[in-house]
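Colleague: Numbering (the numbering used here), first residue to last: 2 to 314.
Note that the Cβ used here is the ideal one computed from N, Cα and C, for glycine as well.
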Ligand SMILES: Nc1ncnc2c1ncn2[C@@H]1O[C@H](COP(=O)(O)OP(=O)(O)O)[C@@H](O)[C@H]1O
Ligand SMILES: [Mg+2]
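See below:
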């Protein structure tokens, strides 16, 4: 498999206070989670993260987590004096989880400087898949959003894939702005890997079939609409709508269900699996992820990428 998988966005330091007063840390963020799952599924595929971090101790911890997962961080710009986004997961006495974020000033928001764009432009011919999410777009200003979509267009016109996950986060931007930029991004994407929940918030779609039609009408060749325990719908100009059910499991923590699904789906499609084969594996991986706590589950718990002996893509 030639070429690289690039994932653009914000990787944060996850802090988990422990009963004894210590704090455990990990790296997480939707685009980063997908990058980790992709690298684990296809170790031979170079996976590069595209972002910015500071030069402080917390940024170094994040880079160390990336290195431990074999994620190439050479496209993560270093912003002198900058700091990364952080979030803490607190669990109250009743077991209810609460997230607190410190991300408004994160260095990731300043990615895609002129120097960074020059570096990316020089390496862009290696990019086989570029992943962008609603969170990636949310944290950028309009000039950076435009620059990112221009990179995406270059990847697509060179025959690469541009995968977009809508991941709408109301705390980061308003729905009208998000809807406008998500549709712009969809128009340059080859793969829309959208959550029905987010599509409903942005466009008020009544049912999955209507939502699928709306996304298809933007001209995205390959569309996957994810809806939790209901599984997903496949569509786009390359095929007829098909429903793939979720694997029935007892979910413990649905964090990163959609992110791991994206990795499973794209890894299978890169290996020439059919849409259905790809979605079935993506559902199996996501079902495993929701049976574990946290965004990134232990590597040994993941189902391996199936060998495709008789695919008919
Ligand atoms: N409770 C669940 N049981 C089994 N599979 C699930 C469950 N929740 C999510 N999944 C799987 O993860 C995929 C993505 O989940 P979804 O909740 O739609 O995405 P997101 O996490 O982005 O909101 C679903 O299509 C399904 O395959
Ligand atoms: Mg999601």
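(1) Look at residue 162 and residue 204 and say whether their C-beta atoms are less than 7 Å apart.
(2) Tell me which residues pass a beta-carbon proximity test against ligand 1: closer than 6 Å to any heavy atom, given in chain order.
(3) Could you check if residue 34 belongs to the surroundings of ligand 2, using beta carbon to heavy atom distance under 6 Å?
(4) Which class does residue 265 belong to by DSSP, given the choice of helix, strand or coil?
(5) Tell me residue 6's beta-bridge partners as DSSP assigns them.
(6) Would you say residue 7 and residue 131 are within 7 Å of each other, going by their C-beta atoms?
(7) What does a CB cutoff of less than 6 Å around residue 173 pick up in its chain, not counting 5 residues either side in sequence?
(8) Cβ of residue 3 versus every heavy atom of ligand 2: is any distance shorter than 6 Å?
(9) For the beta strand (DSSP E) that contains residue 273, what are its first and last residues?
(10) So residue 49 and residue 5 are supposed to be a Cβ contact under 8 Å. How far apart are they, rounded?
(11) Could you pull out every residue in the same chain whose Cβ sits closer than 8 Å to the Cβ of residue 199, ignoring the five residues on either side in sequence?
(12) For residue 33, I'd like the list of residues in its chain whose CB is within less than 6 Å of its CB, leaving aside the five on either flank, ordered along the chain.
(13) Could you give the DSSP three-state label for residue 13: helix, strand or coil?
(14) Please return the same chain residues whose Cβ sits closer than 6 Å to the Cβ of residue 255, not counting the five positions on each side in sequence.
(15) With DSSP run on the structure shown, which of helix, strand or coil describes residue 394?
(16) Would you kindly report the start and end of the unbroken beta strand (DSSP E) that includes residue 79?
(17) If you measure from the CB of residue 65, is any heavy atom of ligand 2 nearer than 6 Å?
(18) In chain order, what residues of the same chain have a beta carbon less than 8 Å from the beta carbon of residue 75, not counting five sequence neighbours either side?
(19) Give me the Cα-Cα distance between residue 185 and residue 267, rounded to the nearest whole angstrom.
Modeller: Concretely, from the data shown:
(1) As a working note, residue 162 is residue 161 in the chain shown. As a working note, residue 204 is residue 203 in the chain shown. No, these two residues do not count as a Cβ contact at 7 Å.
(2) The set, ordered by position in the chain, is 196, 198, 227, 228, 229, 230, 232, 233, 247, 248, 250, 252, 255, 258, 259, 262, 284, 287, 288, 291.
(3) Here residue 34 refers to the residue found at position 33 of the chain shown. Shortest gap from the CB of residue 34 to any heavy atom of ligand 2: 6 Å or more.
(4) In the chain shown, residue 265 corresponds to position 264, counting from 1. Helix.
(5) Numbered from 1 along the chain shown, position 5 holds the residue referred to as residue 6. According to DSSP, residue 6 bridges with 48, 130.
(6) Position 6 of the chain shown, counting from 1, holds the residue named residue 7. Position 130 of the chain shown, counting from 1, holds the residue named residue 131. Against a cut-off of 7 Å, the Cβ pair of residue 131 and residue 7 comes out as a contact.
(7) Locating residue 173 in the chain shown gives position 172, counting from the first residue. Close CB contacts of residue 173 within its chain, under the 6 Å cut and outside five residues either way in sequence, are with 139 (chain order).
(8) As a first step, residue 3 is located in the chain shown; it is residue number 2 there, counting from the start. False, no ligand heavy atom lies under 6 Å from that Cβ.
(9) Position 272 of the chain shown, counting from 1, holds the residue named residue 273. Counting along the chain, residue 273 falls outside any beta strand (DSSP E), and DSSP gives it neither H nor E.
(10) Numbered from 1 along the chain shown, position 48 holds the residue referred to as residue 49. Numbered from 1 along the chain shown, position 4 holds the residue referred to as residue 5. That belief holds up - the Cβ atoms of residue 49 and residue 5 are roughly 6 Å apart, short of 8 Å.
(11) The residue given as residue 199 occupies position 198 in the chain shown. 135, 167, 168, 169, listed in sequence order.
(12) Sequence index remark: in the chain shown, residue 33 carries index 32 (1-based). Cβ within range, chain order: 12.
(13) As a position in the chain shown, residue 13 is number 12, starting the count at 1. In the structure shown, residue 13 sits in a strand (DSSP, three-state: E or B).
(14) For the purposes of this step, residue 255 is taken as the residue at position 254 of the chain shown. The answer, listed in chain order, is 291.
(15) Beyond the ends of the chain as shown, which are 2 and 314, falls residue 394; an answer cannot be given.
(16) Taking the chain shown and counting its residues from 1, one reaches residue 79 at position 78. Element bounds for residue 79: 73-79.
(17) Mapped onto the chain shown, residue 65 falls at position 64. Not one heavy atom of ligand 2 is found less than 6 Å from the C-beta of residue 65.
(18) Numbered from 1 along the chain shown, position 74 holds the residue referred to as residue 75. Closer than 8 Å at Cβ, skipping near neighbours: 49.
(19) On the chain shown, position 184 is the one that residue 185 refers to. On the chain shown, position 266 is the one that residue 267 refers to. Rounded to whole angstroms, the gap between the alpha carbons of residue 185 and residue 267 is 21 Å.
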